[in-house]
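J.: The structure that follows is given in the form of structure tokens.
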Amino acid sequence: MTTIPLAIPRPVHPTGIWSWITTIDHKRIGILYGVTAFLMFFSGGIEALLIRIQLARPEQNLITPEIFNQLFTMHATTMIFLGVMPLSAAFFNFVVPLQIGARDVAFPRLNAFSYWTFLGGALILKMSWLTGSAPNGGWFGYSPLTGITYNPGHGIDVWILSLQVLGIASLAASFNFIVTILNMRAPGMGLMRMPLFTWMTLVTAILLVLAFPVITVALIELFFDRAFGMNFFNVAAGANAVLWQHLFWVFGHPEVYILILPAMGIVSDIIPVFSRKPLFGYGTVVLAGVIIAFMGWMVWSHHMFTVGLGPVANSVFAVTTMMIAVPTGIKVFNWMGTMWGGSLSFKTPMLFALGFVTMFVIGGISGVMHAIAPSDAQQQDTYFIVAHIHYVLFGGAIFAILAGVYYWFPKLTGRMYDEKQGQMHFWLMFIGQNITFFPMHFTGLNGMPRRIYSYYGGLGWDFWNLVSTLGALILAVGFLIFIYNMAKSWRKGEVAGSDPWDGRTLEWSIPSPPPEYNFVEIPHVEDRDDWWEEKQRRRERRAVPVVAGGSDADEGHDIHLPQPSYWPFFVSLGLFIGGMGLIYLMNVDADGIRTLNWAALTVTVAGLFMGVVSVYRWSFEPVNDPEPDGGHAAH
Amino acid sequence: MLRLSPRYRYLIALAMVGMLAALLFGCTPNDPHSTFDARGPVAQSQLNLFWIILAAGAIVFVLVEGAIIYSIIKFRRRRNDEIPEQVEGNSTVEFAWTAGPTALLVLVAIPTIITTFDNQVSPDQNALTVDVVGHQWWFEFRYRHPDDPEKEIRFANDLHIPVDEVVNVNLGSEDVIHSFWIPKIAGKVDMIPGGGNTMWIQADQTGFYYGQCLEFCGVQHANMRFRVIVHSEEDFDAWLRSEAEPAIDSPDPLVQEGKRVFLTAGCTACHQTQSVVNVGQVSLQGPNLTHVASRTNIAGGVFDNRGEDGEVNDAIFQRNIRTWLEDPEKAKTGNVMAREAPSYMNPEDALSEAELSALVAYLSSLK
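Top line first, the protein sequences correspond to chains D and B. End of the first sequence = 635 in the working numbering, gap-free, step of one. End of the second sequence = 1002 in the working numbering, gap-free, step of one.
In structure tokens:
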């Protein structure tokens, strides 16, 4: 390669912080995603607790109305974009290559870039608490309330730029996983032999690729309205105030399935293992997931039943929304069919998976209730909806994610979590979930609007709000146990062995934690639950005792792995700096006069310059240096 | 068949009784916002659908959760369990649980679609029409003048309607999107700036009802309420005529001093004391105050002016309006008056105690 200015030697950091910054190993990136996302999730949990404490009693003034609005905006944006989505991404990263018998993802450096860009977007959002301009327009950001007239300052700009940066991260990751899953499966693993989690990852990634451009365009329009005085959503200039809602929900409803499909994938992998039976109706479950994703595009207006789209539109979207309950129900029934006649073991992952199924059924039923357009008019924007979304996203997605954490923890760390504490965590979560969120059905049907910072006594809301707050505290205790259990077991847990659950899929055939190269030899897949079948075959042959892996550390020496790289990190850093600059690009005073903020422009240009230079360097950096300087490249 | 120890049976029975008790305890129709206490045909049709879907949902809930609990107990791993038969699926069963829910949903979809169309089209196009206009953060109501088609009557916070009559409602907004919702009379419909949503409402009983904005609309969304007063037909006509009367001009010197304050302190930039205006005239930014002292609430429901008898009480009104004018920012943080009125923006323009008392006296005279 010719000499290029800015040459920086290839990173060779086996340990330490730089080894994490430059890593392109999908497993380490998975850990980075998971740890970061849990930190963000806990910050969103603290926001939720503050909301619950404010609402515990009527007429409390612990939090100002403005801060309350920022809290619920940040809580939702955090939980959706910085919590559930990256937690799913953590599993995509860690699990998918192991499940398909690959040594890494298709584009390892792009993978690192996804993570660092996600971190940048997350920091843009959360740092707004420090600058005092946290967004306050709701996670849905309805215009005209988010327009510059009704929302001066930079809070909404923070929200826009954060989501844009997060969108870049999500898109990069999605393309990566689509290519990985389609191209890098082990020989013999046809599409209909893929584990369900891998399937749902593929479906989710395709959904993401199609959904994010919509919100990207909408956010650009909103930003141009705010910064440059354009009129995409300016009603005074003749814009349609409802346009934003269409754009947002065309993205927003597939987004709901982006959150829930990976969770369904996790549960579809866990229930068979702990039932010792294959997934009942594998083909139907896969098809149901694909249909849900497809139909997710046909239901967005059920968020807009009261907007006045007319009875024809409302009827159509009511029916499509009801129809989506059918494939969803099929999944639930197939999980039940899997358990039927099985030999069920109730370890923590299974408890959380069953918690997911039972809670998701409740959320699904209240979801169908919202499909009934006329009666939805009595429920929309009340606490009934808050109950519904938390049964789907907390009792649903988060329970499944926790199931996945406990399930793959021994694979990730090589150690076992504390089962007793895991069970305690589950029961606190299960009880806390129902004490927190079930009463919201009552307050909602009793007419309590959501997104109000305070309420008067005597409306029948006092008691159940107090109950909800107590439930939230139970959930908090549960998470403290979870953190303790994870932190302690990671370092000191019992050694788990390669296959503690008698697993069915390929990730359980290799040592725990997996070596850097994952598989010594790329496996040949002959069956759907290949590792399970392999174990049965070996049992029948009474061959060598079933030991996974063949984990001799020397065996991996000849395997070429892509080398670490600085550039993904620096591209992301450039995007982060550029995004921060753009937020403050224009100052708009009370009279609507816009002035350019030169300092912000400088920062923006500097960030983008850094990004472009780093992309340039990245594209000329070979995956492996021709001149090996150590590590696995040595022959 | 599943055999349970008495302890299990006892626990399950207890859980079911507890859930039933919680459900009954949770649905309290007497509360002012309760959606279980429909007092008009629109709310009733919505409640009927809710009962249908709740019944369907309850059946699904019991069957599914019951089957899960049954499997958990029956198929729990026992010592010496063999590896179970590796069943991969069953087309008949899978077809059944695709077709079953589909049929159930078709049954629910039919009344849904019928009600959707019914609620959209007003049964009486020539009925009384009210224009409701949303402002951050209060509701404005506009009626056609009974005698002069060129004029309309404007007021705020209290919506008055006659009992047993269809009322057609045109919904709009002067700023952001709001929503019009009277839980006991009709589910919410959004109020969109520049958009012409319509709905119809009807109340079956005279009385006092609660309404509230249900679409997040900014910092004081929580305090954007209104009240609905349903009159008998004669009372309604009398009320409408009284509302069209000009404001009372009391000769009381304190009131006259208050009126001077009102006219000079900048209040008139946003507030009018003339309820009858030309149709379509742009409203000022604040509520029309022509008969403010006869309203059941002020500041979008922050203050309730009613005494224990449910009628507007002069003393309570005076106390409320004084608290409001003394420190509107404290009473309703972020409201427009505290932000934009000169008396609150500039310390040198602040009202003296004497001016405040006079202003309170003047506003209290506006019945």
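Where is the CB? At the ideal position from N, CA and C, for every residue including glycine.
Give, in chain order, every unbroken run of the beta strand (DSSP E) that is at least 3 residues long and sits entirely within the region 744-832 of chain B.
T.: Complete beta strand (DSSP E) runs here, min 3: 763-770, 773-779, 786-791, 793-797, 802-808, 813-817, 821-826.
J.: What would DSSP say about residue 244 (chain D), mapped onto helix, strand or coil?
T.: By 1-based counting over the first sequence, the position of residue 244 (chain D) is 244. Looking at residue 244 (chain D) - three-state DSSP - the assignment turns out to be helix.
J.: Measure the Cβ-Cβ separation of residue 310 (chain D) and residue 832 (chain B) and say whether it is below 8 Å.
T.: As a position in the first sequence, residue 310 (chain D) is number 310, starting the count at 1. As a position in the second sequence, residue 832 (chain B) is number 197, starting the count at 1. Cβ atoms of residue 310 (chain D) and residue 832 (chain B): not closer than 8 Å.
J.: Is it a yes or a no for the region 93-108 of chain D touching the region 509-523 of chain D, going by three-plus beta-carbon pairs under 8 Å?
T.: Yes: the two stretches touch, three or more of their Cβ pairs being nearer than 8 Å.
J.: Given residue 136 (chain D), which residues of its chain have a CB within under 6 Å of its CB, disregarding the five upstream and five downstream residues?
T.: Against the first sequence, residue 136 (chain D) aligns to sequence position 136. Closer than 6 Å at the Cβ level, and outside the excluded window around residue 136 (chain D), lie 69, 70, 73, 155.
J.: For residue 348 (chain D) and residue 362 (chain D), I'd like the C-alpha separation in whole angstroms.
T.: The residue labelled residue 348 (chain D) in the question sits at position 348 within the first sequence. The residue labelled residue 362 (chain D) in the question sits at position 362 within the first sequence. Roughly 21 Å between the two C-alpha positions.
J.: Of the residues that make up the region 321-342 of chain D, which ones have a beta carbon closer than 8 Å to any beta carbon in chain B?
T.: Listed by position, the residues of the region 321-342 of chain D near chain B (Cβ gap below 8 Å) are 322, 323, 325, 326, 329, 330, 332, 333, 334, 336, 337, 339, 340, 341, 342.
J.: Taking only the alpha-carbon atoms, compute the straight-line gap between residue 654 (chain B) and residue 432 (chain D) and give it to the nearest angstrom.
T.: Translated into positions along the second sequence, residue 654 (chain B) becomes position 19. Translated into positions along the first sequence, residue 432 (chain D) becomes position 432. If I take the Cα positions, the gap works out to 16 Å.
J.: Is the CB of residue 54 (chain D) under 8 Å away from at least one CB in chain B?
T.: In the first sequence, counting from the first residue as 1, residue 54 (chain D) sits at position 54. Answer no: the Cβ-Cβ gap between residue 54 (chain D) and chain B never drops below 8 Å.
J.: Buried or exposed for residue 731 (chain B), going by 16 or more other Cβ atoms inside 10 Å?
T.: Walking along the second sequence from the start, residue 731 (chain B) turns up at place 96. Exposed.
J.: If contact means a Cβ-Cβ distance below 7 Å, which residues of the region 854-882 of chain B contact chain D?
T.: Taking 7 Å as the Cβ-Cβ cut-off against chain D, the residues of the region 854-882 of chain B that qualify are 854, 855, 856, 857.
J.: When DSSP labels each residue in this structure, what does residue 887 (chain B) get in the three-state scheme?
T.: As a working note, residue 887 (chain B) is residue 252 in the second sequence. In the structure shown, residue 887 (chain B) sits in coil (DSSP, three-state: anything other than H, G, I, E or B).
J.: Specify, as a first and last residue, the run of the alpha helix (DSSP H) that residue 413 (chain D) falls within.
T.: Here residue 413 (chain D) is taken as the residue at index 413 of the first sequence, counted from 1. Element bounds for residue 413 (chain D): 399-413.
J.: Check distances from the C-beta atoms of the region 689-716 of chain B to those of chain D and list, in chain order, the residues that come in under 7 Å.
T.: Flagged, chain order: 692, 695, 696, 699, 700, 702, 703, 706, 707, 710, 711, 712, 716.
J.: Using a C-beta cutoff of 8 Å, does residue 315 (chain D) count as contacting chain B?
T.: Within the first sequence, residue 315 (chain D) is the residue found at index 315, counting from 1. So, interface residue.
J.: Using DSSP bridges, identify the partner residues of residue 449 (chain D).
T.: In the first sequence, residue 449 (chain D) corresponds to position 449, counting from 1. According to DSSP, which records beta bridges pairwise, residue 449 (chain D) is partnered with D:382.
J.: How big is the Cα-Cα spacing for residue 257 (chain D) and residue 595 (chain D)?
T.: Residue numbering aside, residue 257 (chain D) sits at position 257 when the first sequence is read from its first letter. Residue numbering aside, residue 595 (chain D) sits at position 595 when the first sequence is read from its first letter. Near 41 Å, if we compare the C-alpha coordinates of residue 595 (chain D) and residue 257 (chain D).
J.: Run through DSSP, which three-state label would residue 553 (chain D) get?
T.: Looking up residue 553 (chain D) in the first sequence gives position 553. The pLDDT assigned to residue 553 (chain D) is 49, lower than 50, so where the model puts this residue is not dependable; a value taken from the coordinates is nonetheless given after this. DSSP places residue 553 (chain D) in helix when its eight states are reduced to three.
J.: Would residue 675 (chain B) and residue 836 (chain B) qualify as a contact pair, given that the criterion is a beta-carbon distance under 8 Å?
T.: Taking the first residue of the second sequence as position 1, residue 675 (chain B) is located at position 40. Taking the first residue of the second sequence as position 1, residue 836 (chain B) is located at position 201. Yes, these two residues count as a Cβ contact at 8 Å.
J.: Short check: CB of residue 820 (chain B) to CB of residue 677 (chain B), under 8 Å?
T.: To locate residue 820 (chain B), count along the second sequence from 1; it is residue 185. To locate residue 677 (chain B), count along the second sequence from 1; it is residue 42. In contact: residue 820 (chain B) and residue 677 (chain B) (Cβ atoms closer than 8 Å).
J.: Within its chain, find whatever has a CB closer than 7 Å to the CB of residue 757 (chain B); leave out the 5 residues flanking it on each side and keep chain order.
T.: Working through the second sequence from its first residue, we reach residue 757 (chain B) at position 122. Same-chain partners within the cutoff: 801, 803, 835.
J.: CA-CA distance, residue 553 (chain D) and residue 723 (chain B)?
T.: Here residue 553 (chain D) corresponds to residue number 553 of the first sequence, with the count starting at 1. Here residue 723 (chain B) corresponds to residue number 88 of the second sequence, with the count starting at 1. Annotation note: pLDDT 49 at residue 553 (chain D) (below 50); position unreliable, coordinate value reported separately. The alpha-carbon atoms of residue 553 (chain D) and residue 723 (chain B) are separated by roughly 38 Å.
J.: Count the other C-beta atoms from every protein chain shown that fall within 10 angstroms of the C-beta of residue 183 (chain D), then say buried if there are 16 or more, exposed otherwise.
T.: Taking the first residue of the first sequence as position 1, residue 183 (chain D) is located at position 183. By the 10 Å Cβ count, residue 183 (chain D) comes out exposed.
J.: Quick one: any contact between the region 841-856 of chain B and the region 128-145 of chain D, if contact means 3 or more CB pairs under 8 Å?
T.: A contact exists between the region 841-856 of chain B and the region 128-145 of chain D.
J.: Candidates B:806, B:812, B:782, B:786: which alpha carbon is nearest residue 233 (chain D)'s?
T.: Start at 1 with the first residue of the first sequence, and residue 233 (chain D) comes out as number 233. That would be B:812, whose Cα lies nearest to the Cα of residue 233 (chain D).
J.: For residue 835 (chain B), which of helix, strand or coil comes out of DSSP?
T.: Along the second sequence, one-based indexing puts residue 835 (chain B) at 200. Strand at residue 835 (chain B).
J.: Could you give the distance in angstroms between the alpha-carbon of residue 378 (chain D) and the alpha-carbon of residue 727 (chain B)?
T.: Within the first sequence, the letter at position 378 stands for residue 378 (chain D). Within the second sequence, the letter at position 92 stands for residue 727 (chain B). In a straight line, the C-alpha of residue 378 (chain D) is about 39 Å away from that of residue 727 (chain B).
J.: Just the Cα atoms here: how many angstroms apart are residue 242 (chain D) and residue 866 (chain B)?
T.: The residue labelled residue 242 (chain D) in the question sits at position 242 within the first sequence. The residue labelled residue 866 (chain B) in the question sits at position 231 within the second sequence. Approximately 35 Å between the Cα atoms of the pair.
J.: What's the call for residue 41 (chain D), buried or exposed, on a 16-neighbour Cβ count within 10 Å?
T.: Counting from one through the first sequence, the residue named residue 41 (chain D) turns up at place 41. Buried.
J.: Could you name the residues of the same chain whose beta carbon sits closer than 6 Å to that of residue 842 (chain B), not counting the 5 residues immediately before and after it, in chain order?
T.: Indexing the second sequence from 1 puts residue 842 (chain B) at position 207. Within the same chain, residue 842 (chain B) has close Cβ partners 865.
J.: So what does residue 939 (chain B) bridge to, in DSSP terms?
T.: Numbered from its first residue, the second sequence carries residue 939 (chain B) at position 304. The partner list for residue 939 (chain B) (beta bridge, DSSP) reads B:932.
J.: Have a look at residue 240 (chain D) and residue 829 (chain B) and give me their C-alpha separation to the nearest angstrom.
T.: As a first step, residue 240 (chain D) must be located in the first sequence, where it is residue number 240. As a first step, residue 829 (chain B) must be located in the second sequence, where it is residue number 194. Near 8 Å, if we compare the C-alpha coordinates of residue 829 (chain B) and residue 240 (chain D).
J.: At the level of alpha carbons, what is the spacing between residue 28 (chain D) and residue 11 (chain D)?
T.: Taking the first sequence and counting its residues from 1, one reaches residue 28 (chain D) at position 28. Taking the first sequence and counting its residues from 1, one reaches residue 11 (chain D) at position 11. Rounded to the nearest angstrom, the two C-alpha atoms are 16 Å apart.
J.: Output the boundary residues of the beta strand (DSSP E) element that contains residue 586 (chain D).
T.: The count along the first sequence starts at 1 and reaches residue 586 (chain D) at position 586. Counting along the chain, the beta strand (DSSP E) containing residue 586 (chain D) begins and ends at 586-588.
J.: Taking residue 721 (chain B) as the query, report the chain D residues whose CB atoms sit under 8 Å from its CB, ordered along the chain.
T.: For the purposes of this step, residue 721 (chain B) is identified with residue 86 of the second sequence, where counting begins at 1. Simply 277, 278.
J.: Report yes or no: is there a C-beta of chain B within less than 8 Å of the C-beta of residue 361 (chain D)?
T.: Taking the first sequence and counting its residues from 1, one reaches residue 361 (chain D) at position 361. Judged by the 8 Å Cβ criterion, residue 361 (chain D) is in contact with chain B.
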